[in-house]
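**Q**
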Amino acid sequence: MRKIKYKIAAVIATAIMMFTTVMEPIVPVFAAGITVTTKTGKIALSDGTYHVNISILKETTDAASAAAGYIDRDQVAFEVKGGIGKLKISYTTTMIGNLHQVIDGNKEVLTVVEDGEKKSVELTFTSLDEATYLGMNIDTGIIGVLPQTARVVLDQGSLTKDGVNVSPVPTATPDATTSPSVVPTATPDVTTSPSVMPTTAPSTGKVELADGTYSISYSVLKETADSTSNAGAYFDKENAVLTVKNKVAKLRVAYSDSMIGNLQQVVGDNKEVLTVVEHGAKKYVEVTLNSLSEVGYLYMEIDTNTSFGVMKHVVRLVLDETTLKKDGVIVPGGTTTPSPAPTATAKPTESPTNKPEQDNTQGLKDGVYETNAYLWHATSDQASMAGNAMESVVRVSVKNGKSTMYIYTREMSMGTIKAFLQELKVLSADGTYKNAKVEAYDSNKNPICFSFEIPAYTEYINVKVNPMVALMGNQDIDARIKFDYQAMKTVSGTVDLTQSPSSSTNQQPTTKPNATTKPTATVK
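The letter at position 254 of the sequence shown is residue 364 when you use my numbering, and the numbering goes up by one with no holes.
(1) Mind listing, in chain order, the continuous beta strand (DSSP E) runs of no fewer than 3 residues lying wholly within the stretch 163–205?
(2) Is P557 near Q532, with beta carbons less than 8 Å apart?
(3) Which residues bound the beta strand (DSSP E) around A154?
(4) Leaving out five residues before and five after K509 in sequence, what residues of the same chain have Cβ atoms less than 6 Å from its Cβ?
(5) Sort L352, T270 and S337 by Cα distance to V395 and report the nearest one.
(6) Does the Cβ-Cβ distance between V162 and V186 come in under 8 Å?
(7) In three-state DSSP terms, what is G342?
(8) For the putative contact between A589 and H423, defined by C-beta atoms under 8 Å, what is the C-beta separation to the nearest angstrom?
(9) Give the range of the beta strand (DSSP E) segment to which F235 is assigned.
(10) Per DSSP, which one or two residues make a beta bridge with S561?
(11) What residue range does the beta strand (DSSP E) around S494 cover?
(12) Tell me which same chain residues have a C-beta within less than 6 Å of the C-beta of S268, skipping the five on either side of it?
(13) Considering only the alpha carbon of each residue, which of L167, V330 and S610 lies closest to T481?
(14) Could you tell me the alpha carbon to alpha carbon distance between F235 and Q266, rounded to whole angstroms?
(15) Excluding the 5 residues flanking V383 on each side, which residues of the same chain have their C-beta closer than 7 Å to its C-beta?
(16) Buried or exposed: where does D437 fall if 16 or more other Cβ atoms within 10 Å of its Cβ makes it buried?
(17) Excluding the five sequence neighbours on either side, which residues of its own chain have a C-beta within less than 8 Å of the C-beta of S200, listed in chain order?
(18) Would V317 and L402 be called neighbours here (beta carbons separated by less than 8 Å)?
(19) Who are the Cβ neighbours of L209 in its own chain at under 6 Å, not counting the five residues just before and after it?
(20) Would you report the Cα separation of Y407 and K168, rounded to the nearest angstrom?
(21) Go through its chain and collect everything with a Cβ distance to K152's Cβ below 8 Å, but skip five positions before and after it.
(22) Is it buried or exposed, G378, if we count other Cβ atoms within 10 angstroms and call 16 or more buried?
(23) Could you tell me whether the stretch 540–552 touches the stretch 489–500, using the rule of 3 or more Cβ pairs below 8 Å?
(24) Can you give the beta carbon distance from L429 to Y328, rounded, assuming they're within the 8 Å contact cut?
(25) Between which two residues does the beta strand (DSSP E) containing L408 stretch?
(26) When the Cα atoms are used, what is the spatial distance from G215 to Y243?
(27) Look up G541 in the DSSP assignment and say whether it is helix, strand or coil.
(28) Exposed or buried, Q258, counting other C-beta atoms within 10 Å across all chains shown (16 or more means buried)?
(29) Does DSSP put A566 in a helix, a strand or coil?
(30) What first and last residue would you give for the beta strand (DSSP E) that runs through D214?
(31) Quick one: give me the first and last residue of the beta strand (DSSP E) that T481 is part of.
(32) Using three-state DSSP, classify A499 as helix, strand or coil.
(33) Which value, in whole angstroms, describes the spacing of the CA atoms of T604 and V386?
(34) Work out the CA separation of V478 and K535 for me, nearest whole Å.
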């Protein structure tokens with residue numbers, strides 16, 4: 111049998127987004143019950159065992175599902191009895207579990223039969239023309255279990271019995287692009303504007319500011335949830351240019367990833383294609399806002415350059431009026447006549463449990479230092495499951511009262527998945543997470559060195575990491591960086607901070623390292 115294996119790797123500095131995502135994870139909505147509606151079979155075949163080729167497609171599009179690479183699809187056993195068919199689905203990965211068939215919004219848990227490394231379940235078909243829906247849980251190991259749903263479609267032209275092609279009379283003309291009645295009705299469509307969007311653009315602006323150029327910070331949120339979108343990592347969200355004229359504002363949205371394209375502003379059911387302006391490595395578009403409290407909806411398409419193809423994504427742009435500046439000076443009050451923002455668009459706030467106190471240099475002299483550090487679980491005293499993505503030797507540059515940490519990353523493996531950390535966010539002294547700077551890439555444009563200002567010389571620094579793996583939902587993973595300050599030593603001579611130290615010292619620990627919170631390096 112022909113098998114297709116997907117090597118799912120984090121690509122771009124995307125998102126891809128993103129995963130959810132730039133791609134968000136698919137969370138199908140099922141009814142609570144598990145009773146399956148009994149239907150009369152309509153398969154016009156005599157009772158017996160047949161074989162047929164199948165396609166494993168995404169839930170709502172005719173693209174191959176990521177789960178297809180783990181499932182046998184050629185000449186699959188198909189048992190027909192009384193006009194009802196039982197399709198024996200075989201798979202090999204241990205990441206797939208809790209398989210169930212979705213019928214009329216209900217789900218039937220499927221019995222798994224094991225035969226060596228092979229596992230199989232049976233799906234019920236009452237017609238050769240219908241697509242059936244296979245629900246499953248994907249155990250990523252890093253960010254937990256993600257639910258997914260795939261469509262299983264029969265290729266009637268490949269139907270055989272005893273090696274001879276069989277041509278049944280079709281009961282209906284199949285339409286693979288239209289979801290039948292068994293599709294859960296609550297499945298979201300990210301390309302459609304939610305009800306919280308304005309239905310029409312306001313006729314006049316309400317920005318009570320003098321004409322001119324300002325700066326402002328903004329958040330990039332998911333379309334329908336008050337959480338940060340993974341796509342936001344590729345946009346310049348701090349001190350963005352805001353131009354005001356005749357009470358209408360133009361927000362300059364700058365980004366740096368070449369895989370993001372076809373940007374459009376969404377207002378109600380309408381989309382307006384935005385003109386992209388390039389300036390060096392940066393690109394930007396301008397989003398029109400009629401008040402500073404208005405939410406801007408930005409549609410984009412992300413070319414993942416993988417089997418997942420081009421993903422469509424909508425984000426919300428929410429301004430932080432408290433950061434409004436003109437000529438570097440805070441503008442008191444922001445807008446004087448703000449329009450009320452929709453309830454669902456309030457800017458989320460971080461609530462860190464371990465907010466460090468600012469103490470950036472700890473009295474260290476200017477210079478470069480080396481020590482050991484480890485990517486640690488967010489709450490347990492053990493290495494993170496993504497820990498092998500980070501080398502164990504890090505460097506600290508102290509200069510003019512500022513300490514900057516340089517960490518070095520490499521490819522990590524989790525079962526069949528191989529990936530690099532594509533994003534690193536660090537809990538800053540002000541209690542917010544900020545993106546670490548990518549200092550170096552490998553030949554495949556994967557980040558291999560990140561830098562960030564040390565918020566404080568504490569044993570742990572809270573971080574969020576993201577390998578941008580689509581099957582895992584492209585989600586941030588909470589973790590901590592644990593430092594061994596007792597091993598801190600001065601590095602002499604000229605040092606390229608973007609290059610990793612000798613690989614011989616970069617061994618990931620299997621036990622908890624001994625660390626102290628006070629450096630022993632020479633102080634002023």
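Glycine included, C-beta positions come from ideal geometry on N, C-alpha and C.
**A** Reading it off the structure:
(1) The stretch 163–205 contains, as complete beta strand (DSSP E) runs of 3+ residues, the segments 186–191 and 194–201 (chain order).
(2) Sequence index remark: in the sequence shown, residue 557 carries index 447 (1-based). Sequence index remark: in the sequence shown, residue 532 carries index 422 (1-based). The Cβ atoms of P557 and Q532 sit closer than 8 Å to each other.
(3) Walking along the sequence shown from the start, residue 154 turns up at place 44. No beta strand (DSSP E) contains A154, which DSSP labels as neither H nor E.
(4) Numbered from 1 along the sequence shown, position 399 holds the residue referred to as residue 509. The residues D476, in chain order, have a CB closer than 6 Å to that of K509 in the same chain once the five nearest residues on each side in sequence are set aside.
(5) Here residue 395 corresponds to residue number 285 of the sequence shown, with the count starting at 1. It is L352.
(6) Against the sequence shown, residue 162 aligns to sequence position 52. Against the sequence shown, residue 186 aligns to sequence position 76. Using a Cβ distance threshold of 8 Å, V162 and V186 count as a contacting pair.
(7) As a position in the sequence shown, residue 342 is number 232, starting the count at 1. Three-state DSSP puts G342 in a helix.
(8) Indexing the sequence shown from 1 puts residue 589 at position 479. Indexing the sequence shown from 1 puts residue 423 at position 313. Taking C-beta atoms under 8 Å as the contact rule, A589 and H423 fail to qualify, at a distance of about 25 Å.
(9) Here residue 235 refers to the residue found at position 125 of the sequence shown. From DSSP, the beta strand (DSSP E) with F235 extends over K228 to F235.
(10) By one-based count along the sequence shown, residue 561 stands at place 451. The partner list for S561 (beta bridge, DSSP) reads Y516 and K547.
(11) Residue numbering aside, residue 494 sits at position 384 when the sequence shown is read from its first letter. Unbroken run through S494: none, as it is neither H nor E.
(12) On the sequence shown, position 158 is the one that residue 268 refers to. If we look at S268 and ignore the five residues flanking it on each side, its Cβ neighbours are V162 and N163.
(13) For this step, residue 481 is matched to residue 371 along the sequence shown. Checking every option, the nearest Cα to that of T481 belongs to S610.
(14) Numbered from 1 along the sequence shown, position 125 holds the residue referred to as residue 235. Numbered from 1 along the sequence shown, position 156 holds the residue referred to as residue 266. The alpha-carbon atoms of F235 and Q266 are separated by roughly 13 Å.
(15) Residue 383 sits at position 273 when you count from the first residue of the sequence shown. For V383, where only same-chain residues beyond five positions count, the Cβ hits under 7 Å are Q374.
(16) Here residue 437 refers to the residue found at position 327 when the sequence shown is read from its first residue. By the 10 Å Cβ count, D437 comes out exposed.
(17) Within the sequence shown, residue 200 is the residue found at index 90, counting from 1. Answer for S200: I181, D182, V186, K228, K229 and S230, listed in chain order.
(18) The sequence position of residue 317 within the sequence shown is 207, counting from 1. The sequence position of residue 402 within the sequence shown is 292, counting from 1. Taking 8 Å as the cut-off, the beta carbon of V317 is found closer than this to the beta carbon of L402.
(19) Counting from 1 along the sequence shown, the entry for residue 209 is found at position 99. Cβ contact annotation for L209 (same chain, cutoff 6 Å, sequence separation greater than five): L220, V231 and M246, in chain order.
(20) As a position in the sequence shown, residue 407 is number 297, starting the count at 1. As a position in the sequence shown, residue 168 is number 58, starting the count at 1. Cα to Cα, Y407 sits roughly 26 Å from K168.
(21) The sequence position of residue 152 within the sequence shown is 42, counting from 1. Correct list, in chain order: G193, T236, S237 and T281.
(22) Stepping through the sequence shown from its first residue, residue 378 is reached at position 268. Burial call: exposed.
(23) Short answer: they don't touch.
(24) Against the sequence shown, residue 429 aligns to sequence position 319. Against the sequence shown, residue 328 aligns to sequence position 218. With a Cβ gap of about 5 Å, L429 and Y328 count as contacting.
(25) For this step, residue 408 is matched to residue 298 along the sequence shown. Element bounds for L408: G406 to D413.
(26) Here residue 215 corresponds to residue number 105 of the sequence shown, with the count starting at 1. Here residue 243 corresponds to residue number 133 of the sequence shown, with the count starting at 1. Each residue's alpha carbon lies about 10 Å from the other.
(27) Position 431 of the sequence shown holds residue 541. Here G541 sits in coil by DSSP.
(28) Taking the first residue of the sequence shown as 1, we reach residue 258 at position 148. By the beta-carbon neighbour count (other beta carbons within 10 angstroms, threshold 16), Q258 is buried.
(29) The residue labelled residue 566 in the question sits at position 456 within the sequence shown. Here A566 sits in strand by DSSP.
(30) For the purposes of this step, residue 214 is taken as the residue at position 104 of the sequence shown. Where D214 is concerned, there is no enclosing beta strand (DSSP E), given that its DSSP letter is neither H nor E.
(31) As a working mapping, residue 481 is identified with position 371 in the sequence shown. Note, T481: beta strand (DSSP E), G477 to H487.
(32) Mapped onto the sequence shown, residue 499 falls at position 389. Correct three-state label for A499: helix.
(33) Here residue 604 is taken as the residue at index 494 of the sequence shown, counted from 1. Here residue 386 is taken as the residue at index 276 of the sequence shown, counted from 1. Spanning the two alpha carbons is a distance of roughly 41 Å.
(34) For the purposes of this step, residue 535 is taken as residue 425 along the sequence shown, with counting starting at 1. For the purposes of this step, residue 478 is taken as residue 368 along the sequence shown, with counting starting at 1. Cα to Cα, K535 sits roughly 23 Å from V478.
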